[in-house]
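Novice: Encoded as structure tokens, here's the structure I'll be asking about.
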Amino acid sequence: MPTASPELEGESQPERFATTGLPGLDAILGGLRLGDNVVWRVGSVDEYRAFVEPFAAAARADARRVVYVRFGSHAPVLAAGAASVVVDLDALRGFESFTVRLHTLIGEQGEGVFYVFDCLSTLLDAWATDGMIANFFRVICPYLYQLDTVAYFALERGVHSFATRDTIRATTQLLIDLYDDGGTLVLHPLKVWQRSSPTMFLPHRHEQGRFAPIRVSAEVTSLFARLRERASAVAERPLDSWQRLFLRAADLAAGEREGARRNR
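The sequence shown lines up with residues 5 to 268 when you count with our numbering.
Below, the structure written as structure tokens:
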């Protein structure tokens with residue numbers, strides 16, 4: 005059972021449900037529940053933005069408080085005025101300061117708030133190691149769950165270690181892969197906690213505002229073959245970014261030593 009997913013009570017009560025802002029996506033996922041943390045694994049922030057915008061707009065239309073937590077170096081995922089509150093946090097102040105400040109903020113905002121976070125992968129620029137991102141998520145996600153919030157996060161595919169990816173998957177309630185397949189977004193739910201349907205875990209094409217499950221096995225096989233080929237250069241690695249940096253430095257040093265030896 006996920007770290008942040010204790011048994012839901014009163015799940016059938018309508019007030020515990022929320023919308024993604026996209027009826028077709030609600031149909032796939034069975035809607036959202038208060039307490040859901042939704043992690044989108046993406047190839048670009050633009051892919052994430054396409055799902056953040058309708059989520060925030062629908063929440064505001066339902067008189068929900070939307071808090072945008074801004075810390076990334078990328079362009080904002082929400083336009084000015086799309087959130088009730090925008091909070092700027094400085095990740096360069098370090099993991100502990102950042103996490104404590106956000107934890108305090110979430111407590112101050114209270115229950116039933118909807119959150120949009122910048123892409124978590126940008127925290128690598130400040131913290132250098134994947135392990136800090138996994139620890140951050142393991143602290144913040146359960147707290148958001150306890151306060152009946154709904155929160156959107158993003159991870160960039162191919163950037164994080166297996167350990168970080170697996171920690172986040174174990175902790176979150178929903179994990180969804182997004183792929184760009186020749187200009188068409190393909191959505192593939194990998195984890196949807198306490199919900200199921202015959203087509204929920206199939207890949208779905210998103211075209212003209214509609215979601216269509218890919219049911220034909222030959223088409224699914226062809227799709228994932230294309231995606232694997234495209235992603236081979238950026239596949240997830242068992243090492244985190246800090247370890248890879250040291251290995252890269254070691255390789256460079258070895259190359260310099262070899263060059264010096266040959267020039268003797």
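Glycine included, C-beta positions come from ideal geometry on N, C-alpha and C.
As the structure is a prediction and not an experimental result, all values here were calculated from the model.
Roughly how many angstroms lie between the CA atoms of A237 and A65, to the nearest whole one?
Specialist: The predicted position of A237 is uncertain, since its pLDDT is 49 and thus under 50; a value taken from the coordinates is nonetheless stated next. Computed Cα separation, rounded: 42 Å.
Novice: With the cut-off set at 8 Å, would you say G35 and D152 are in Cβ contact?
Specialist: no
Novice: Take L93 as the anchor and find which of I110, H78, V73 has the nearest alpha-carbon.
Specialist: V73
Novice: In whole angstroms, give me the CA-to-CA distance for F141 and V43.
Specialist: 11 Å
Novice: Measuring alpha carbon to alpha carbon, tell me which of H164, S221, T176, L96 ends up nearest V154.
Specialist: Selected option, being the one with the closest Cα: T176.
Novice: Between the alpha carbons of P207 and D30, how many angstroms are there, rounded?
Specialist: Take the alpha-carbon of P207 and the one of D30: they are about 15 Å apart.
Novice: Please classify V117: does DSSP put it in a helix, a strand, or coil?
Specialist: coil
Novice: Taking F55 as the reference, which of Q150, A222, I180 has the closest Cα?
Specialist: Nearest to F55 by alpha-carbon distance, out of Q150, A222, I180, is I180.
Novice: Give the range of the alpha helix (DSSP H) segment to which I218 is assigned.
Specialist: Where I218 is concerned, there is no enclosing alpha helix (DSSP H), given that its DSSP letter is neither H nor E.
Novice: For the stretch 132-206, which segments carrying the alpha helix (DSSP H) assignment without a break, of at least 4 residues, lie completely within its bounds, in sequence order?
Specialist: 134-150, 166-175
Novice: Could you spell out where the beta strand (DSSP E) holding R45 opens and where it closes?
Specialist: 41-46
Novice: By Cβ distance below 8 Å, which residues in the same chain neighbour P58 in space, the five residues on each side in sequence not counted?
Specialist: Around P58: T24, G25, L26.
Novice: Which residues share a DSSP beta bridge with D92?
Specialist: R74
Novice: Just grab the DSSP bridge partners of H208 for me.
Specialist: Beta-bridge pairing links H208 to L191, P217.
Novice: Going by alpha carbons, who is nearest to A86 out of R97, A67, L96, H78?
Specialist: A67
Novice: Report the residue from S226, T225, Q198 whose alpha carbon sits nearest the alpha carbon of R37.
Specialist: Each of S226, T225, Q198 was checked against the Cα of R37, and the nearest Cα belongs to Q198.
Novice: Please classify D122: does DSSP put it in a helix, a strand, or coil?
Specialist: strand
Novice: Considering Cα atoms alone, identify which of V190, N139, D170, A229 is closest to F99.
Specialist: N139
Novice: Evaluate L53 with the Cβ neighbour count: other Cβ atoms within 10 Å of its Cβ, from every protein chain shown; 16 or more gives buried, anything less gives exposed.
Specialist: Before going further, note that residue 53 is Arg rather than Leu in the sequence given. Buried, because 16 or more other Cβ atoms sit within 10 Å of the Cβ of R53.
Novice: With DSSP as the reference, label R37 as helix, strand or coil.
Specialist: strand
Novice: A87 by DSSP, collapsed to three states: which one?
Specialist: Coil at A87, not helix or strand.
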